[in-house]
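A.B. asks: One structure coming up, written as structure tokens, with questions to follow.
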Amino acid sequence: MRIQVTRSGGLLGAERRSVLDTEGRPDAPHIHALAREALGSCNRTPSFGVPDGFHYAISVDERGTGHCAEPQLTDSQRSLISLVLAQGH
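Going by full-length UniProt numbering, the letters in the sequence shown line up with residues 1 to 89, in that order.
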């Protein structure tokens, strides 16, 4: 599974993009479940939270893109976003 997270907004408005490929990872089943839960809570159109907050687009394989924003992130969205931004490339 290939998961891409794009973060935009914030004080500087800079965009950051990271991709995580779960192939061969021992924690892949956990990440797949987290991705399904996170996407299930996303909006299908871009959403905006608070001024200067981050906005996220989450894509899993070619299944479409989900959108979410701070401070309304669910626990699964927050966990998945943190994981992909920290460990992706």
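Quick reminder that beta carbons are idealized off the backbone N, C-alpha and C, glycines included.
Of the residues L85, E37 and G24, which one's Cα is nearest the Cα of G66?
C.D. replies: Position 66 of the sequence shown holds residue 66. Of the candidates L85, E37 and G24, the one whose C-alpha sits nearest the C-alpha of G66 is E37.
A.B. asks: Quick one: what's got a C-beta closer than 8 Å to M1's C-beta in the same chain, skipping five residues either side?
C.D. replies: As a position in the sequence shown, residue 1 is number 1, starting the count at 1. These residues qualify, in order along the chain: D21, T22, E23, A28, I31, H32, A35, V60 and D61.
A.B. asks: Helix, strand or coil for G9, going by three-state DSSP, please let me know.
C.D. replies: On the sequence shown, residue 9 is found 9 positions in, with the first residue counted as 1. G9 falls in the strand class under three-state DSSP.
A.B. asks: Looking at the unbroken beta strand (DSSP E) that takes in S60, where does it start and where does it end?
C.D. replies: Numbered from 1 along the sequence shown, position 60 holds the residue referred to as residue 60. For the record, residue 60 in the displayed sequence is Val; it is not Ser. Element bounds for V60: F54 to V60.
A.B. asks: Roughly how many angstroms separate the alpha carbons of T45 and G9, rounded to a whole number?
C.D. replies: One-based indexing of the sequence shown puts residue 45 at position 45. One-based indexing of the sequence shown puts residue 9 at position 9. About 16 Å.
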